[in-house]
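*Asks:* Heads up: take any position in the sequence shown, counting from 1, add 96, and you land on my numbering.
Take a look at this one; I'll ask things after.
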Amino acid sequence: MPGVLAGALERMRENLGELHPHVRIDSIGRIVSVGDGVAVAVGLERPVLGELLIIGSDIAAHAEEVDSERVRLVLLAPGAVRAGDPVRRAGHVLHVPAGPGLLGRVVDPLGRPLDRKGNVATRRTIRIERPPVPLIDRDVVSRPLRTGIFTLDTMIPIGRGQRQLLLGDRSTGKTELGIELLAALDPTTIGVYVAIGRRGSETASTLAQLRARGVLEHGFAVVSDADDPVGLVHLTPYAASAMAESLVEAGHDVVVVYDDLTNHAHAHRSLALLLDRPVGREAHPVDVFYAHARLLEQGAQLCARRGGGSLTAIPIIETQAGDLAGYIPTNLVSITDGQIRLDAALAAAGQHPAIDVSLSVSRVGGRAQPELIRALAGSFKNRYAQFLELETFARFGTKLEASAQIVIDWGRRVRKVLQQERGELHRWAETVARLLLVDEPGFSQLPLERTTELVGVAVARMLATPSFDARGIDEGRVDVEAIETLRAMAREAARSVFVHEEGSVPS
Numbered sequence: 097m098p099g100v101l102a103g104a105l106e107r108m109r110e111n112l113g114e115l116h117p118h119v120r121i122d123s124i125g126r127i128v129s130v131g132d133g134v135a136v137a138v139g140l141e142r143p144v145l146g147e148l149l150i151i152g153s154d155i156a157a158h159a160e161e162v163d164s165e166r167v168r169l170v171l172l173a174p175g176a177v178r179a180g181d182p183v184r185r186a187g188h189v190l191h192v193p194a195g196p197g198l199l200g201r202v203v204d205p206l207g208r209p210l211d212r213k214g215n216v217a218t219r220r221t222i223r224i225e226r227p228p229v230p231l232i233d234r235d236v237v238s239r240p241l242r243t244g245i246f247t248l249d250t251m252i253p254i255g256r257g258q259r260q261l262l263l264g265d266r267s268t269g270k271t272e273l274g275i276e277l278l279a280a281l282d283p284t285t286i287g288v289y290v291a292i293g294r295r296g297s298e299t300a301s302t303l304a305q306l307r308a309r310g311v312l313e314h315g316f317a318v319v320s321d322a323d324d325p326v327g328l329v330h331l332t333p334y335a336a337s338a339m340a341e342s343l344v345e346a347g348h349d350v351v352v353v354y355d356d357l358t359n360h361a362h363a364h365r366s367l368a369l370l371l372d373r374p375v376g377r378e379a380h381p382v383d384v385f386y387a388h389a390r391l392l393e394q395g396a397q398l399c400a401r402r403g404g405g406s407l408t409a410i411p412i413i414e415t416q417a418g419d420l421a422g423y424i425p426t427n428l429v430s431i432t433d434g435q436i437r438l439d440a441a442l443a444a445a446g447q448h449p450a451i452d453v454s455l456s457v458s459r460v461g462g463r464a465q466p467e468l469i470r471a472l473a474g475s476f477k478n479r480y481a482q483f484l485e486l487e488t489f490a491r492f493g494t495k496l497e498a499s500a501q502i503v504i505d506w507g508r509r510v511r512k513v514l515q516q517e518r519g520e521l522h523r524w525a526e527t528v529a530r531l532l533l534v535d536e537p538g539f540s541q542l543p544l545e546r547t548t549e550l551v552g553v554a555v556a557r558m559l560a561t562p563s564f565d566a567r568g569i570d571e572g573r574v575d576v577e578a579i580e581t582l583r584a585m586a587r588e589a590a591r592s593v594f595v596h597e598e599g600s601v602p603s
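This is the structure:
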C-alpha cells in the first residue's frame with residue numbers, strides 16, 4: 097500500500113511540474129446608478145477611457161468618462177442593469193471583426209451576427225477608435241467611381257476615396273439612391289451599407305433590396321435598430337468604418353453608405369444630455385462637428401506604398417423643408433467634398449432620381465471622370481446650367497429671344513434623358529452615347545413625351561455597332577482622339593432614329 101501511494105504522489109508531482117499557471121487579477125467594481133442607456137460605476141482599478149466593460153455576465157458597455165473615483169459607462173446591449181450589479185474590465189478597448197470574413201454578412205456594431213449564419217469567420221479584430229490616415233499616406237482622388245446614374249457621372253462625378261454628401265427631405269429617395277450607388281459597383285469593389293438607428297421594417301426592406309441586387313455578395317451591412325441602446329446606435333458608423341478600413345488596408349476599394357447621420361446626430365445629442373455635457377445650437381453638444389469630422393476623414397485614397405486601396409464615404413442626412421442652412425447639414429457640407437441634393441418638388445413630379453443639379457456639386461470635379469467623358473461633359477454641364485437659369489426667367493413670363501428658346505427646348509428634352517427607371521444603371525459606353533446624341537441638331541425637335549424612348553433606341557443602335565467599341569469605352573481604352581469618329585456614329589444613329597427621310601419625327 098505505501099508503494100502505491102508513493103507512485104501516485106510521484107505522478108502527481110510530475111503533472112504539477114508540467115503546469116504553468118497564469119494568474120489573472122480582475123478588477124471588479126459595482127454599479128451605483130443607472131440612467132437611460134448610461135450608468136455610473138465605482139471600485140474599478142485604473143480603467144482606460146474607451147475600454148470594454150462587462151456588467152453582470154454578458155451586458156457590454158464602454159467607459160465614456162473616467163476620473164479618480166468613478167466611471168461613467170455607456171451601455172452597448174439591452175438588459176436589466178441595476179444598482180449593485182458587478183462590473184469588470186475586459187482588459188482592452190472596443191474591437192470589431194476585420195477582414196474578408198465580413199463579406200456577405202449582416203452584423204451589429206460589435207460584429208455580432210444578425211443573419212443567423214453563425215459568428216463571423218475572421219481571425220483578427222481591429223480597434224474601433226483609430227487615428228485617420230496621415231496626409232503623407234494619402235493620394236490624390238482621381239480614379240472614377242461609376243455610379244450608373246447619368247446625372248452624376250456627367251455633372252456631379254464621384255471619385256474613389258471621395259466624401260460625397262447625399263441630402264434631401266423625407267421620401268425624396270435618399271436610401272434608394274444609396275442602394276443604386278452600391279448596386280452599380282463592379283465585383284472588385286466592396287460595398288458597405290450602414291443602417292444607423294433605423295426602424296426594423298425599413299432596414300429589413302433595404303437589406304432585401306441589397307440581397308436582390310447582389311450587393312451583399314461582395315459587401316456587408318452593419319445595422320443598429322431604433323430600439324437599440326443609444327450608445328450602440330452612436331457607435332454604429334465608427335464600427336462600420338473600422339471594419340471597412342481593415343479591407344482598405346489590404347488594398348481593396350470600399351464604398352460605405354451611412355444611412356443616416358441625422359439619426360447619429362440625434363444619438364450623439366441624447367448621449368450628451370444623459371452625460372450632462374454642455375450643449376449649444378439646437379441642443380446639440382459643442383463637439384458634434386468633431387464627431388462627424390473624425391468619422392468622415394477616414395475616407396481616403398491611399399498611396400501605392402500603403403496598398404492603393406480607397407474608402408469612399410457616402411453619408412446621408414435628412415433636411416427639413418429643403419433647408420440647407422440647418423446646423424447638421426451645414427456642418428456636413430463643410431466636411432465633405434461635395435453634395436448631392438434631392439429635391440422634394442422633383443420627386444413629387446416623378447423625376448427619378450430627383451437630383452437638384454443647381455444645388456449639387458462635386459469638388460473633385462472632372463478629375464474623377466474618364467478622359468473621354470470629361471471631354472464631352474464639360475460643355476454639356478455648362479449648357480444645362482444655362483438652361484436652368486433661362487427656365488427660371490421663362491416662368492415669370494419674360495419674353496425670350498429665339499436663341500434662348502432653343503436652349504430651353506433642348507434643356508427640357510435633356511431633363512427627360514436624365515430620368516432613369518429604378519434599377520436602370522448605365523455603362524460608361526451608354527453615358528458616352530447619350531452625351532453625343534443630345535448634342536445632335538435633331539435632338540431638340542424630338543416630341544417631348546417620346547424623348548426618352550427615341551434616345552434609348554438610338555443608344556441601343558450605337559452600342560450594337562462593332563466600330564463603336566462599347567467594351568473599349570467601358571474599360572477606358574478609347575481616348576479623346578476618337579471623339580470625331582464617335583460623333584459620326586451618333587450623327588448616323590440620330591439620322592436614322594430621330595428624323596425620317598421626309599424630315600418628320602418617326603411615329
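Virtual Cβ for every residue (Gly too), placed ideally from N, Cα, C.
If you're wondering where the values come from, they're calculated on a predicted model, not measured in any experiment.
1) Can you give me the C-alpha to C-alpha distance between Ala396 and Ala157, rounded to a whole angstrom?
2) Excluding the 5 residues preceding and the 5 following Leu496 in the sequence, name in chain order all residues of the same chain whose CB lies nearer than 8 Å to its CB.
3) Would you mind reading off the limits of the alpha helix (DSSP H) that contains Glu549?
4) So, for Val138: in the same chain, excluding its five sequence neighbours on each side, which residues have a beta-carbon less than 7 Å away from its beta-carbon?
5) Classify Gln465: buried if its beta carbon has 16 or more other beta carbons within 10 angstroms, exposed otherwise.
6) Are the region 281 to 297 and the region 448 to 455 touching by the rule of at least three beta carbon pairs closer than 8 Å?
7) Let me know the secondary structure DSSP gives Gln305 once reduced to three states.
8) Starting from Ala338, trace the alpha helix (DSSP H) both ways and give me its first and last residue.
9) Whole angstroms are fine: how far does the CA of Ala440 sit from the CA of Gly376?
10) For Glu393, which residues of its own chain have a beta-carbon under 7 Å away from its beta-carbon, when the five flanking residues on both sides are left out?
11) Could you check whether Asp132 and Ile469 sit closer than 9 Å to each other, using their CB atoms as the reference points?
12) Measuring CA to CA, which of Ile292, Val326, Gln435, Tyr480 is closest to Tyr354?
13) Figure out for me which residue from Pro193, Arg208, Val534 has the closest Cα to the Cα of Arg479.
14) When you compare the region 189 to 209 with the region 330 to 349, are there three or more beta-carbon pairs, one atom per stretch, that lie closer than 8 Å?
15) May I have the straight-line CA-CA distance separating Glu498 from Gly418, to the nearest angstrom?
16) Would you kindly work out how many angstroms separate the C-alpha atoms of Arg365 and Glu520, rounded to a whole number?
17) Can you list the beta strand (DSSP E) stretches of 3 or more residues lying completely in the region 155 to 212, in chain order?
18) In whole angstroms, give me the CA-to-CA distance for Leu169 and Leu484.
19) Which word fits Gln260, buried or exposed, when buried means at least 16 other C-beta atoms lie within 10 angstroms of its C-beta?
20) How should Leu544 be labelled, buried or exposed, when 16 other C-beta atoms within 10 angstroms of its C-beta is the threshold for buried?
21) So the beta strand (DSSP E) Ser129 belongs to, where does it begin and stop?
22) Give me the residue from Leu371, Arg390, Ser153, Leu198 with the minimum Cα distance to Val350.
23) With a CB to CB cut of under 7 Å and the five nearest residues on each side skipped, what residues in its chain are close to Gln305?
24) Quick one: residues in its chain with C-beta nearer than 8 Å to the C-beta of Leu420, no 5 flanking neighbours on either side, listed in chain order?
25) If you pair each beta-carbon of the region 210 to 220 with each one of the region 177 to 188, do three or more pairs fall below 8 Å?
26) For Ile232 and Gly434, what's the separation of their Cα atoms in angstroms?
27) Check whether the Cβ atoms of Pro381 and Ala389 lie closer than 9 Å to each other.
28) At the level of alpha carbons, what is the spacing between Arg256 and Leu149?
29) What residue range does the alpha helix (DSSP H) around Thr527 cover?
30) Look up Asp355 in the DSSP assignment and give the residues it is bridged to.
31) Where does Glu497 fall in DSSP's three states?
32) What's the gap between the Cα of Ala194 and the Cα of Glu161?
33) Taking the beta strand (DSSP E) that Val138 belongs to, which residues open and close that run?
34) Between which two residues does the beta strand (DSSP E) carrying Thr221 extend?
35) Return the first residue and the last residue of the alpha helix (DSSP H) that Ala473 is part of.
36) Smallest Cα separation from Ile45: which of Leu442, Phe385, Arg239, Val453?
*Replies:* Taking the structure as given:
1) Taking the sequence shown and counting its residues from 1, the one referred to as residue 396 is at position 300. Taking the sequence shown and counting its residues from 1, the one referred to as residue 157 is at position 61. Looking at the two C-alpha atoms, the distance is approximately 30 Å.
2) Residue numbering aside, residue 496 sits at position 400 when the sequence shown is read from its first letter. Leu486, Phe489, Ala490, Ile504.
3) Numbered from 1 along the sequence shown, position 453 holds the residue referred to as residue 549. 547 to 559 is the extent of the alpha helix (DSSP H) around Glu549.
4) Position 42 of the sequence shown, counted from the start, is the residue given in the question as residue 138. Within the same chain, Cβ atoms closer than 7 Å to the Cβ of Val138 are found at Gly125, Arg126, Val128, Glu165, Arg166, the five residues on either side in sequence being excluded.
5) Position 369 of the sequence shown, counted from the first residue, corresponds to residue 465. Buried: at least 16 other Cβ atoms inside 10 Å.
6) no
7) Counting from one through the sequence shown, the residue named residue 305 turns up at place 209. DSSP places Gln305 within a helical segment (H, G or I) once states are collapsed to three.
8) Numbered from its first residue, the sequence shown carries residue 338 at position 242. First-last of the alpha helix (DSSP H) with Ala338: 326 to 344.
9) Within the sequence shown, the letter at position 280 stands for residue 376. Within the sequence shown, the letter at position 344 stands for residue 440. Each residue's Cα considered, the two are about 29 Å apart.
10) Residue 393 sits at position 297 when you count from the first residue of the sequence shown. Same-chain partners within the cutoff: Pro228.
11) For the purposes of this step, residue 469 is taken as residue 373 along the sequence shown, with counting starting at 1. For the purposes of this step, residue 132 is taken as residue 36 along the sequence shown, with counting starting at 1. No.
12) Sequence index remark: in the sequence shown, residue 354 carries index 258 (1-based). Ranking the options by Cα distance to Tyr354, first place goes to Ile292.
13) To locate residue 479, count along the sequence shown from 1; it is residue 383. Minimum Cα distance to Arg479 is reached at Val534.
14) yes
15) The sequence position of residue 498 within the sequence shown is 402, counting from 1. The sequence position of residue 418 within the sequence shown is 322, counting from 1. Checking the displayed sequence, the identity of residue 498 turns out to be Ala instead of Glu. In a straight line, the C-alpha of Ala498 is about 34 Å away from that of Gly418.
16) Counting from 1 along the sequence shown, the entry for residue 365 is found at position 269. Counting from 1 along the sequence shown, the entry for residue 520 is found at position 424. Straight-line spacing of the CA atoms in Arg365 and Glu520 works out to 39 Å.
17) For the region 155 to 212, whole beta strand (DSSP E) runs of length 3 or above, ordered along the chain, are 155 to 162, 166 to 171, 182 to 189, 191 to 194.
18) Position 73 of the sequence shown, counted from the start, is the residue given in the question as residue 169. Position 388 of the sequence shown, counted from the start, is the residue given in the question as residue 484. Roughly 53 Å between the two C-alpha positions.
19) Sequence index remark: in the sequence shown, residue 260 carries index 164 (1-based). By the neighbour-count criterion, in which a residue is buried when 16 or more other Cβ atoms sit within 10 angstroms of its Cβ, Gln260 is buried.
20) Stepping through the sequence shown from its first residue, residue 544 is reached at position 448. Exposed, by the Cβ-count rule.
21) Residue 129 sits at position 33 when you count from the first residue of the sequence shown. Counting along the chain, the beta strand (DSSP E) containing Ser129 begins and ends at 124 to 130.
22) Against the sequence shown, residue 350 aligns to sequence position 254. Out of Leu371, Arg390, Ser153, Leu198, Leu198 has the C-alpha closest to the C-alpha of Val350.
23) If you number the sequence shown from 1, residue 305 lands on position 209. Answer for Gln305: Ile275, listed in chain order.
24) Taking the first residue of the sequence shown as 1, we reach residue 420 at position 324. Within the same chain, Leu420 has close Cβ partners Leu263, Thr426, Val429, Arg437, Leu455.
25) Not touching, per the Cβ criterion.
26) Numbered from 1 along the sequence shown, position 136 holds the residue referred to as residue 232. Numbered from 1 along the sequence shown, position 338 holds the residue referred to as residue 434. Per the coordinates, the alpha-carbon of Ile232 lies some 23 Å from the alpha-carbon of Gly434.
27) As a working mapping, residue 381 is identified with position 285 in the sequence shown. As a working mapping, residue 389 is identified with position 293 in the sequence shown. No. Outside cutoff.
28) By 1-based counting over the sequence shown, the position of residue 256 is 160. By 1-based counting over the sequence shown, the position of residue 149 is 53. Going by the C-alpha atoms only, they are around 37 Å apart.
29) Translated into the one-based positions of the sequence shown, residue 527 becomes position 431. Residues 524 to 533.
30) As a first step, residue 355 must be located in the sequence shown, where it is residue number 259. For Asp355, which the question treats as bridged, DSSP gives the partners Ala291, Ile412.
31) Taking the sequence shown and counting its residues from 1, the one referred to as residue 497 is at position 401. Residue state, collapsed to three classes: coil.
32) Counting from 1 along the sequence shown, the entry for residue 194 is found at position 98. Counting from 1 along the sequence shown, the entry for residue 161 is found at position 65. Spanning the two alpha carbons is a distance of roughly 27 Å.
33) Start at 1 with the first residue of the sequence shown, and residue 138 comes out as number 42. Its beta strand (DSSP E) spans residues 134 to 138.
34) Along the sequence shown, one-based indexing puts residue 221 at 125. If you look at Thr221, you'll find it in the beta strand (DSSP E) that goes 220 to 223.
35) On the sequence shown, position 377 is the one that residue 473 refers to. For Ala473, the uninterrupted alpha helix (DSSP H) run begins and ends at 467 to 491, by DSSP.
36) Summary: the structure shown does not reach residue 45, with the chain confined to residues 97 through 603, and so no result is reported for it.
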